[in-house]
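Quick note: the sequence shown uses my numbering, first residue 11, plus one each step.
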Amino acid sequence: MPGKAEGGASRDPFLSAASALAATILVTAITLPALADPAGFVRLADVDPSIRQDIRYAGSDNFLHRKVNGYDAPVCILTEDAAKALSAIQKAIAAKRLTLVVFDCYRPARAVADMGEWTKQGGPPDPQWYPEVRRSDLIAKGYVGELSTHSRGSTVDVAVARMDRRSSPNPACGTGDADTLDFGTGFDCFDSMSETAYRGPASEAAANRKMLVDAMRAGGFKNYAREWWHFTLKSEPFAKQRFDFPITAD
């Protein structure tokens with residue numbers, strides 16, 4: 011047949027050139043490295059691998075009961091300044107055989123939008139995550155933000171655990187299996203019980219909250235009074251900028 015060589019190979023120069031170009035594009039696409047995180051951002055594990063990571067929005071064990079848009083891997087990414095400050099705090103509490111546990115770090119703007127859209131779907135209270143508030147009221151009540159400091163890269167949701175043995179506080183709501191000290195509630199308990207100065211927790215939980223706030227403050231972070239776990243670096247480098255790059259494994 012015209013245009014075919016022995017063994018079925020094409021002699022058409024245009025087809026040959028097109029095939030070679032396609033092969034080159036394919037190889038290039040395979041070998042190109044993934045886009046790096048923006049300048050000024052680092053992987054926390056590269057700065058301090060001893061800090062435990064329990065990134066909830068990369069899976070289904072969170073208040074949405076599904077993965078959140080933009081969380082393609084359970085990885086903590088922070089500005090370099092925030093990561094180094096967190097590492098200094100880790101070294102300080104390690105002397106007491108304690109470790110930090112981070113639940114969320116940098117949060118893409120697309121994830122914030124995803125959470126906002128999710129609240130608009132409405133629904134009843136969720137006994138584990140928001141026991142007294144309807145889903146559609148989470149933004150109005152201040153539990154879910156239309157904007158988030160997390161998108162600036164220097165905010166972290168964090169608790170403390172013991173290095174040498176497990177802790178099972180069985181909190182009233184929020185994260186139930188975080189293996190942390192007793193803080194009265196778990197991470198992402200959308201309720202007044204989560205306010206840092208809430209007077210209801212037992213003395214041990216109140217003492218643990220104070221210990222966490224004191225340690226984070228000494229390391230340069232300020233607490234959000236509505237959430238005992240939420241801290242932002244006081245001297246954050248991108249105070250007026252939000253980011254939207256996805257969280258990936260590499």
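Every residue gets a Cβ at the ideal spot worked out from N, C-alpha and C, and that includes glycine.
Item: Looking only at its own chain, which residues have a Cβ that is under 8 Å from the Cβ of ASP136, when we skip the five neighbours before and after it?; Value: PHE73, ARG145
Item: Please state if the CB of THR242 and the CB of THR165 are separated by a distance shorter than 7 Å.; Value: yes
Item: Are the Cβ atoms of LEU54 and ALA93 separated by less than 7 Å?; Value: yes
Item: Taking only the alpha-carbon atoms, compute the straight-line gap between ALA119 and CYS86 and give it to the nearest angstrom.; Value: 15 Å
Item: Over the uninterrupted alpha helix (DSSP H) stretch that includes ASN218, give me the two end residues.; Value: 213-228
Item: Only counting the same chain, and skipping five residues up and downstream in sequence, which positions put a Cβ closer than 7 Å to that of ARG117?; Value: SER158, HIS160, SER161
Item: Run the CB neighbour count on LEU31, radius 10 Å, all protein chains shown included, and call it buried at 16 or more, exposed below.; Value: Confidence is the limiting factor: at LEU31 the pLDDT is only 40, short of 50, which leaves the residue's position unreliable, though a coordinate-based value still follows. It counts as exposed.
Item: What residue from ALA123, GLY69, ASP167, ARG172 has the CA that sits closest to ARG149's CA?; Value: As written in the sequence, residue 149 is Ile, which differs from the Arg given in the question. Looking at the Cα atoms, ALA123 is the closest of the given residues.
Item: What does DSSP give as the partner residues of ALA169 in its beta bridges?; Value: VAL111
Item: What are the partner residues of TYR81, as DSSP defines its beta bridges?; Value: ILE257
Item: Quick check on DSSP: helix, strand or coil for LEU243?; Value: strand
Item: Does MET226 pass the burial test, meaning 16 or more other C-beta atoms within 10 Å, or should it be called exposed?; Value: buried
Item: Can you list, in chain order, the residues of its chain whose CB lies under 6 Å from that of THR185, leaving out five sequence neighbours each side?; Value: GLY196, PHE197
Item: Counting along the chain, where does the beta strand (DSSP E) carrying LYS232 start and finish?; Value: 231-233
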